[in-house]
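Just below is one structure, and these are the notes that go with it.
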Ligand code: FES
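Residue numbers (my numbering): 12 to 405.
This is how it looks when you write it as C-alpha cells:
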C-alpha cells in the first residue's frame with residue numbers, strides 16, 4: 012500500500028481541506044513541526060512521515076510515477092525534513108543542450124558584472140575627476156555590475172533550477188464567528204455612546220465640517236497661481252548693477268584677498284542716484300552671486316568669455332543647478348565649491364563645471380567689469396537661467 016493510501020481523509024486529517032486549515036493550530040509553524048516531528052507528520056502518517064522515510068532510505072515515494080529523491084546533508088539538522096521532498100527532474104537530464112546554454116548565459120552575466128565592478132574600482136582611483144564623463148561612467152560601471160549580477164541570478168533560477176510547484180498551508184484569514192459577533196456588539200455600543208444617533212445637530216455639523224475639509228485640497232489646486240513663463244529666465248541683475256554685500260556695501264577692486272570669496276547681491280541706483288542693495292528674499296532666491304578672487308592665470312574661461320572676469324575675479328550664481336540649494340562651501344586649495352545639500356562639487360577654475368554629485372550643468376557665470384569708481388558691476392544679467400536644471404536645461 013502506498014503512502015497516499017495510508018493518509019487519513021477525515022475532517023481532522025491534515026490531508027483534508029478542513030484539516031489543512033487547522034494544521035497551523037495543531038502543529039505550529041513549519042519550522043516548529045520540522046524540529047519536533049509533530050504537525051502533519053505526527054497526526055496521521057501524511058506527508059511528514061513520507062519525508063522521514065525519504066530521509067532515512069533515500070528511496071522513491073509515489074503512486075506510479077517514479078521520482079528521484081535527493082539525499083539531504085546531515086549538517087542541515089532539523090531543516091533536513093523540509094528539504095527532503097520530492098525532487099523534480101533535473102533540467103540537465105531533461106534537456107542537456109538547453110541546460111548548457113543556460114550555464115553559458117549565467118557565466119556571461121557574472122563575468123560582465125565582474126568586469127564592470129573592476130572598472131568601477133579602477134576608475135575611482137585612475138579616472139580624471141575633472142572630466143565631465145567621470146561621474147556618469149562610474150555610474151554606468153556600477154549599474155552594469157549590479158544588473159549583470161541580477162540578470163545572472165535570475166537566469167540561473169529560470170534556466171538551471173528545477174521547475175518546482177510548492178504549496179504552502181495557510182491558516183484562514185477571516186475572523187471567527189465569535190470575534191465577528193464581539194466586534195458588532197462593540198461597534199453598536201460605541202455608536203450608542205457617542206450619541207450621534209440621538210443628536211441630529213452633532214451629526215449634521217460633523218458631516219458639514221468633514222465635507223468642507225475635503226474641499227480644502229481642491230482650493231489649493233486652483234490656487235497654484237499662474238504658470239511661470241519668462242520670469243524664470245531673468246534675475247534682478249542688470250547692466251551697471253554693483254556687486255554689494257548683504258549689508259549694502261558695494262565691493263571694489265582690491266577688497267578681496269587672493270582666494271577670498273564674498274556673497275553679493277545686485278545694488279541698483281534709487282531715485283536719488285544712491286546704490287541700494289536688493290537683498291529681499293525674492294531677489295536672493297535667484298540673484299545671489301559668489302564673487303571669488305583666483306590667483307593670476309588660474310581661471311580657464313569658456314572660449315568667448317575671456318572678458319567676463321576682472322583680474323582673477325569671477326562671479327557665479329550661488330544657486331545650485333541640482334535642486335537650488337545655496338552653494339557656499341569654498342575650498343581654496345582645490346578650488347572646489349561644494350553644495351551641502353547633495354554634495355555636488357563645482358570646479359571654480361573651469362567655469363564652475365560640476366565634477367561630482369547630481370548637478371548636471373555648471374553654475375551660471377555673471378559677466379562682471381569695474382566702473383570708473385573702481386566698483387565691481389555686472390555687464391548684464393546672466394545669459395542662461397539660474398537654478399535647478401529641470402526647468403532650464405542648456
Ligand atoms: S541642491 Fe545642490 S547638490 Fe542638490
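Idealized CB from N, CA, C, for every residue including glycine. Predicted, not measured: the structure shown is a model, and the values here were computed from it.
Reduced DSSP secondary structure (H/G/I, E/B, other) of residue i
i           : result
residue 202 : helix
residue 383 : coil
residue 390 : coil
residue 143 : coil
residue 269 : coil
residue 47  : For residue 47, the predicted structure reports a pLDDT of 45, less than 50, and the residue's modelled location is therefore unreliable. A value from the coordinates is still provided. Helix, per DSSP.
residue 293 : helix
residue 400 : helix
residue 230 : helix
residue 395 : coil
residue 178 : coil
residue 54  : Residue confidence is low: residue 54 scores 40 on pLDDT, short of 50, so the model does not pin down where it sits. Its coordinate-derived value is still stated next. Residue state, collapsed to three classes: coil.
residue 405 : Only weak support is given to the placement of residue 405: the predicted model assigns it a pLDDT of 44, under 50, and the value that follows is read from those uncertain coordinates. Reduced to three states, the DSSP call for residue 405 is coil.
residue 370 : coil
residue 188 : helix
residue 274 : strand
residue 282 : coil
residue 321 : strand
residue 311 : coil
residue 220 : helix
residue 263 : strand
residue 364 : strand
residue 68  : Note that residue 68 has pLDDT 39, beneath the 50 cutoff, so the model's placement of it is unreliable and no number is given.
residue 35  : Because the pLDDT of residue 35 is 41, which lies under 50, any placement of that residue in the model is unreliable, and the number read from its coordinates should be weighed accordingly. Residue 35 falls in the helix class under three-state DSSP.
residue 75  : Legend: pLDDT at residue 75 = 41, less than 50; position of this residue unreliable, value from coordinates given subsequently. Three-state DSSP puts residue 75 in coil, outside helix and strand.
residue 41  : A caution first: residue 41 carries a pLDDT of 41, below 50, which makes its placement in the model too unreliable to give a value.
Limits of the unbroken beta strand (DSSP E) element including residue i
i           : result
residue 235 : Premise fails: residue 235 is in no beta strand (DSSP E) and is neither H nor E.
residue 342 : 340-342
residue 356 : 356-358
residue 301 : 300-304
residue 328 : 324-328
residue 347 : 347-349
residue 288 : 286-288
residue 255 : 253-255
Beta-carbon separation (whole angstroms), residue i vs residue j, contact threshold 8 angstroms
i           : j           : result
residue 249 : residue 279 : 7 angstroms
residue 340 : residue 363 : Contact flag wrong, Cβ pair sits at about 13 angstroms.
residue 327 : residue 377 : 7 angstroms
residue 261 : residue 386 : 5 angstroms
residue 303 : residue 141 : The Cβ separation is near 18 angstroms, so there is no contact.
residue 381 : residue 264 : 5 angstroms
residue 321 : residue 379 : 6 angstroms
residue 121 : residue 159 : 7 angstroms
Continuous alpha helix (DSSP H) stretch holding residue i: start and end
i           : result
residue 109 : 107-137
Under 7 angstroms, CB to any heavy atom of the ligand FES. Which residues pass, going along the chain?
331, 333, 334, 335, 336, 338, 350, 352, 353, 354, 355, 368, 369, 370
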